[in-house]
Structures are given as C-alpha cells and as structure tokens.
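All remarks here apply to the structure that follows.
Protein chains: 2
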Amino acid sequence: MTASGIDVMVVGSIGIDTIETPFARQESILGGSASFACAGASLFAPVGMVGVVGGDFPEAYEDVYRRFNIDLSGLEREPQGQTFRWSGVYKNNMDERETLSTELNVFADFSPKIPDVYRQAPFVFLANIGPQLQAHVLDQVGPSDFVVMDTMDLWINIQNEELLKVIERVDLLTLNESEARHLSGAHFLPLAAKKLLSLGPRYVLIKKGEHGSMLFSREGVFVLPAYPLDDVQDPTGAGDAFAGGFIGALASMGSVTEDHLRTAMLYGSVVASFAVEAFGLDRLKTLTRDEIETRAEQYQRMVQIPVLV
Amino acid sequence: MTASGIDVMVVGSIGIDTIETPFARQESILGGSASFACAGASLFAPVGMVGVVGGDFPEAYEDVYRRFNIDLSGLEREPQGQTFRWSGVYKNNMDERETLSTELNVFADFSPKIPDVYRQAPFVFLANIGPQLQAHVLDQVGPSDFVVMDTMDLWINIQNEELLKVIERVDLLTLNESEARHLSGAHFLPLAAKKLLSLGPRYVLIKKGEHGSMLFSREGVFVLPAYPLDDVQDPTGAGDAFAGGFIGALASMGSVTEDHLRTAMLYGSVVASFAVEAFGLDRLKTLTRDEIETRAEQYQRMVQIPVLV
Numbered sequence: 016m017t018a019s020g021i022d023v024m025v026v027g028s029i030g031i032d033t034i035e036t037p038f039a040r041q042e043s044i045l046g047g048s049a050s051f052a053c054a055g056a057s058l059f060a061p062v063g064m065v066g067v068v069g070g071d072f073p074e075a076y077e078d079v080y081r082r083f084n085i086d087l088s089g090l091e092r093e094p095q096g097q098t099f100r101w102s103g104v105y106k107n108n109m110d111e112r113e114t115l116s117t118e119l120n121v122f123a124d125f126s127p128k129i130p131d132v133y134r135q136a137p138f139v140f141l142a143n144i145g146p147q148l149q150a151h152v153l154d155q156v157g158p159s160d161f162v163v164m165d166t167m168d169l170w171i172n173i174q175n176e177e178l179l180k181v182i183e184r185v186d187l188l189t190l191n192e193s194e195a196r197h198l199s200g201a202h203f204l205p206l207a208a209k210k211l212l213s214l215g216p217r218y219v220l221i222k223k224g225e226h227g228s229m230l231f232s233r234e235g236v237f238v239l240p241a242y243p244l245d246d247v248q249d250p251t252g253a254g255d256a257f258a259g260g261f262i263g264a265l266a267s268m269g270s271v272t273e274d275h276l277r278t279a280m281l282y283g284s285v286v287a288s289f290a291v292e293a294f295g296l297d298r299l300k301t302l303t304r305d306e307i308e309t310r311a312e313q314y315q316r317m318v319q320i321p322v323l324v
Numbered sequence: 016m017t018a019s020g021i022d023v024m025v026v027g028s029i030g031i032d033t034i035e036t037p038f039a040r041q042e043s044i045l046g047g048s049a050s051f052a053c054a055g056a057s058l059f060a061p062v063g064m065v066g067v068v069g070g071d072f073p074e075a076y077e078d079v080y081r082r083f084n085i086d087l088s089g090l091e092r093e094p095q096g097q098t099f100r101w102s103g104v105y106k107n108n109m110d111e112r113e114t115l116s117t118e119l120n121v122f123a124d125f126s127p128k129i130p131d132v133y134r135q136a137p138f139v140f141l142a143n144i145g146p147q148l149q150a151h152v153l154d155q156v157g158p159s160d161f162v163v164m165d166t167m168d169l170w171i172n173i174q175n176e177e178l179l180k181v182i183e184r185v186d187l188l189t190l191n192e193s194e195a196r197h198l199s200g201a202h203f204l205p206l207a208a209k210k211l212l213s214l215g216p217r218y219v220l221i222k223k224g225e226h227g228s229m230l231f232s233r234e235g236v237f238v239l240p241a242y243p244l245d246d247v248q249d250p251t252g253a254g255d256a257f258a259g260g261f262i263g264a265l266a267s268m269g270s271v272t273e274d275h276l277r278t279a280m281l282y283g284s285v286v287a288s289f290a291v292e293a294f295g296l297d298r299l300k301t302l303t304r305d306e307i308e309t310r311a312e313q314y315q316r317m318v319q320i321p322v323l324v
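Chains as they are written, first to last, in my numbering: chain R, 16 to 324; chain W, 16 to 324.
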C-alpha cells in the first residue's frame, strides 16, 4: 500500500441507470463505468474514485460506495446539476442492447480534478470518458506504475486524434472486440492487437464478453475463456467490473509480471461473472473474498490443460 | 492399435465444393464432413472412412485420401451417380455463410455399409448425416469404446425424434453453439449442455468456432479458447477437422480420461486452426506432426494460468 493508502485510482462516469431486460426492469439504479470499476477493484485493493454527480444523487448511493470502502475524496458534487443518466433495454437473450436515452447533465462539463492523495496512486484506470479528459487526468498525476485505459466507439469516431494521443501514454489499452476492430481497421484480433500495440501501449486487452478476453503484448498472447454462466440478469457494467477487478487484483500483487497479469484477468473475469448475476451493483455489494476465491479455483480447474506428453 | 489396424471409423459426407470468400474462389474442391474428419483424425491414428461418391469423383481426390493414409474399404463408389455437391459463399469477414446450392446426388440414397475390418474400431465418429443413417451405422458395429456424433439444424427440425434416439446411444454429442441452443431450447450454454446431457450422452462438446469449445459432463466443464489466428482463408470443414483431430488424438492416447479429453480438444483445435489457413484440405495435406506439436505447445502457453497463490 502507498503512503496515501490509495493503490488504485479510477476516473470514469457515475450514472443513474434505468435498465430493462426480457425478464425485469429496474429504475434509477446506481451505474456508470467508475462505479463498476471501483466496486470491482475495491474487492482487492484500496481504491479512490474520481467522478462527478449532481444534486439529485442519492445519499444512499454514496453509502454504497462507502460500503465498498471506496475513497470519495475525488467525488465532485454539483448541487445545481443533475447526475448523468442512461437508460437502455436488452433484447435477444441479452445479446443486443439498445440505448433509449442518454442525459449527460453534469458529466457534459466534467473536468476531472485529482485530489493530492491520489496523485501517487501506482495503478490508474481511465475508464471510458472522453480522451481529452483522460489526458487531463494523466497531466495531473505523477509517474504511475501502470495506467490502464478504456474507450468506446464514440471517441474512435469523433475524437480519433485525441484518442491516439492518450493511447500513446498508457501501459495497457482495454477495449471490446468490435472497438478493437474499429480502431485498428483489422478484423482478426491478433492482427488488430498488433496494430493497436504499434500505437504505444505495452499491452492490449481485448474483452469479448461471454467469449472471454485476450491479452496481447509484443512477447505473445494470453487467451482466457469467460467463466460460463447459467444465467445473466443484467450485463451492464460487466466490462468495467472486469477491468476494475483486473487492476485491483494486479495492484494487490504489487508488480506487473506476465503471471500477475494473467492471474489478474482471471480475477477480473470472476468479478464480472458475479456482477452480471444481479442488477447494477447488487451482487458485488454482498460479494465476499471467499466467494471470489472459490469461483477462481473452480474456474482455474475449468480451463486447466494437462501438460502435453 | 486394434487387430484390424483401424482405430477410428468415420462415417459422413463426401462432397465436391465450390467456395467463394471475399478474397478468392475455388471450384470443385474436395470437401464433406468425412473428408475433413478423416484427414484430421489420420494425423494421429489409423482411420477408416465410410462414405459414398459418384462416377464423377476424381481419382486424384482418392489419392488425397491415400496420402493421409485413410483406409478406403468403406468408400462406396456409384459409377452411375454424381457425387454430393455443395457451393457456398462467405461474407462479412467470414462471419456469415450463405449456401448457394446443394445437390445430394448419390448421397440421397446413401445407406452406410460398414466393412468387417471396421466393426471393431474402438473409436467411431458419426459426422453430420441423417440420424437414421447414424443409427444404421451403430446397428452394424460391435460395442465401441467411444462413439462421437455430430448433427445439424436440419435434423433437429425435420427428424427430431430419430435424432434423440441416436443421441441416447452415443458417448459424446458434438454440435455448434446455435445448434446446442436450438436442440435444448436453452440460451445459456451450461444450461443447454445440462439438458443435452439428460438425453443420454456422457459428454456434450459445444463448438464455438473462433470462440473456442466447451466440454460438459455431469462432473464439470472444460472451457478452451480457440487458437487465435491472424487470417482465415476458408472456414469450411473447420468443425469436422476439429472433431477428427479430437477423436484421432483421443484414440492415440488409448483411453478416455478427463485429461485425455482435454488434451484431445487442444489437438482438435490445433488441427482446425491449420485447416482454415487454406482452401479445403490444402493445408492439412502438408501438415506435419512437428508443426502440430509446435503449435500445440505455443497454444498451451497462450492459455496457461499461473497457479493461484
């Protein structure tokens, strides 16, 4: 643990979500990339959150953060504004997602201010926010051990140049399969990853949802299938819970080695597998370290290949 | 090896394919489920083929089989008839396949006759043919060590009852992701597999193409990501090459244990990864055991998870 006590800093969105699936609907629940990532990371290491909420943000939701022991020194409150809101509907066995509405609200003018106590955090996760904001965060922090960034199609389309500039500055770029193809212009993932690595980061981590994840570096590739699930209640935030669990587990191991990266992906995937079992943060809220370890061991047995003779 | 010398018997279709991809087109090349499965299996164990061809079947294609050391005692020739023909086109980075034409020809009246020398083959692969034909094959053979069957949507739709009767008689049912969902009526694969296991087989092997494969039994699940490829020239027959490599490798290990099944899936996946690198059987024709082992070792490193601390 660092002097400040914050091992992982997460910057991202905080939202109030309304979500409909083929089986249920939940209104105005706590969401956003920073919420899922901080919750995931907090299961392994001390986390500080940087984000913004409006005057409508329920005190109960701050309590949820506190329950995860998330440090809130970086949580900005805009009493005159409204919190970012998103609503969406999942169809076709959760395979398809349609956004019904997005209200940026206070998030529109968000300019992340990094509290002093976070500036030396060795692990930084720039969750999906505009690349200019991600750059602005990096300008404010000291040299971190490991910076992970996420992004999305929107920024690939409308702020491509700014995006490329941030990618150059991070250690690991994470994005989903279609974004990796979109940003690289290559269809096959090993080729897409090679192109993305040439943009600067040491690692490219491609998230494939129910199909697992892949970690590429100049030295090679690690391929991890997802933990197989009997049921998914709400896929929202799974990628952020994965990234949060990943960086939290990595921080808890202290150093970035190939083995630690692989182990961290296993834990990230375990966290994501729990996250989707209930709406929003509901499952992560009650998740224990024992449950994580039990599933991690099961999972490891599921993917174990015997040594070739 | 058994007294007859045949360790694996494969029954399936033999076709002459015309294939178009976004990059190339090849006319009248050797295809069919039995061709890919026998070629894949022959890389590991002595294989006998049961299938039918017409008078138009080129001598050169029989030579291809001989080059793989495939025993052809079970190859039926109908000089008056035409060989089964299929043509299809791949679109959208090979993600989508459209069948342009199917001519059953001699395959329409095919009734597999099992040569005496195959009747004691310890490993049997019933590739994708009608369930009544699959049942007819099982009626002719002695008690095999291990019977694997494949199927397809067509039979799920039009011969469901007959299909269920064969499934009850086999050790391992293999099908692709969408077929597993279709046949079980369950979307999530662990649940789908549970329902399929309840139909009788000890194992259910779900093929997910570029996303890997999953082996389910009552005891648990093994999840294997696919070998990541930079390029795919022709995905035709990948599933059959996988199944062939799988059963061939399993036969070469002599007994069916959990470790052997996992290792066999690794080899099946390696064979499939080579198969798609060229049209038809072109890549498998020149494939050496050394190349297989080299890729299998690489692959194993790619999926290796460090022991959790």
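Beta carbons are placed, not taken as given, at the ideal position from N, Cα and C, and that holds for glycine.
Computed from a predicted model, the values in this text were never measured in an experiment.
So, do the region 257 to 268 of chain W and the region 124 to 144 of chain W have three or more beta carbon pairs nearer to each other than 8 Å? yes
I34(W) vs F289(W) beta-carbon contact at 8 Å: no
Taking only beta-carbon positions, decide if V104(W) is within less than 8 Å of chain R. no
Please report whether the beta-carbon of V236(R) lies at a distance below 8 Å from any beta-carbon of chain W. yes
Can you look up K300(W) in the DSSP assignment and give me helix, strand or coil? helix
Is M317(R) close to chain W, meaning its C-beta is less than 8 Å from at least one C-beta of that chain? yes
Any C-beta of chain W under 8 Å from that of E35(R): no
Enumerate in chain order the residues of its own chain whose CB-to-CB distance from V285(W) is below 8 Å, with the five nearest sequence positions on each side excluded. Y242, G260, I307, R310, A311 and Y314
Assuming L119(R) and V104(R) form a contact by the criterion Cβ under 8 Å, report the distance between their Cβ atoms to the nearest whole angstrom. Not quite, the Cβ-Cβ distance comes to about 20 Å (not below 8 Å), so this is no contact.
Can a CB atom of chain R be found closer than 8 Å to the CB of I31(W)? no
Can you tell me whether R92(W) is helix, strand or coil according to DSSP? strand
Beta carbons nearer than 7 Å to chain R: which residues of the region 278 to 289 of chain W have them? T278 and L281
Closer than 6 Å by C-beta to A195(W): which residues in its own chain qualify, once you throw out the five before and the five after it? Chain order, please. A207 and I221
Considering only their Cβ atoms, is the gap separating I85(R) from V62(R) smaller than 8 Å? yes
What's the C-alpha gap between E42(W) and I144(W)? 23 Å
Anticipated Cβ contact below 8 Å, G29(R) with G47(R), distance rounded: For the record, residue 29(R) in the displayed sequence is Ile; it is not Gly. Rounded to the nearest angstrom, the Cβ distance from I29(R) to G47(R) is 4 Å, consistent with a contact under 8 Å.
Taking the alpha-carbon positions, what's the P127(R) to V121(R) distance? 12 Å
A253(R) vs T189(R) beta-carbon contact at 8 Å: no
8 Å Cβ cutoff met for A52(W) and D255(W): yes
For Q174(W), which three-state DSSP category applies? coil
Collapsed DSSP secondary structure at V121(W) in the structure displayed: helix
From what residue to what residue does the beta strand (DSSP E) around G66(W) run? V62 to G69
Between the region 124 to 136 of chain W and chain R, which residues of the former have a C-beta closer than 8 Å to a C-beta of the latter? none
Looking only at its chain, what residues have a beta carbon closer than 6 Å to the beta carbon of W101(W), apart from the 5 residues adjacent to it on each side? G30, D32 and T117
Beta-carbon neighbours of E111(W), restricted to chain R and to distances below 9 Å: Neighbours of E111(W) on chain R: none; closest Cβ ~13 Å, over 9 Å.
Taking G224(R) as the reference, give the member of S232(R), L239(R) and Y218(R) with the closest Cα. L239(R)
Using a C-beta cutoff of 8 Å, does P61(W) count as contacting chain B? The structure shown contains no chain B; the protein chains it does contain are R and W.
For V181(W) and Q149(W), believed in contact at Cβ under 8 Å, the rounded distance: 5 Å
Using DSSP with H/G/I as helix, E/B as strand and the rest coil, what is V247(W)? coil
Quick one: Cα of F72(R) to Cα of L87(R), how far? 14 Å
When the Cα of V26(R) is compared with those of M229(R), F38(R) and P146(R), which residue comes out closest? Comparing Cα-Cα distances from V26(R) to each of M229(R), F38(R) and P146(R), the minimum goes to P146(R).
List the DSSP bridge partners of K223(R). Answer is none; K223(R) lacks a bridge partner.
Counted within 10 angstroms of its Cβ, other Cβ atoms place S57(W) as buried (16 or more) or exposed: Classification for S57(W): buried.
Taking only the alpha-carbon atoms, compute the straight-line gap between R316(R) and V162(R) and give it to the nearest angstrom. About 30 Å.
Continuous alpha helix (DSSP H) assignments of at least 4 residues falling wholly in the region 120 to 159 of chain W: 146 to 155
Taking Cβ to Cβ, would you say K300(W) is nearer than 8 Å to V132(W)? no
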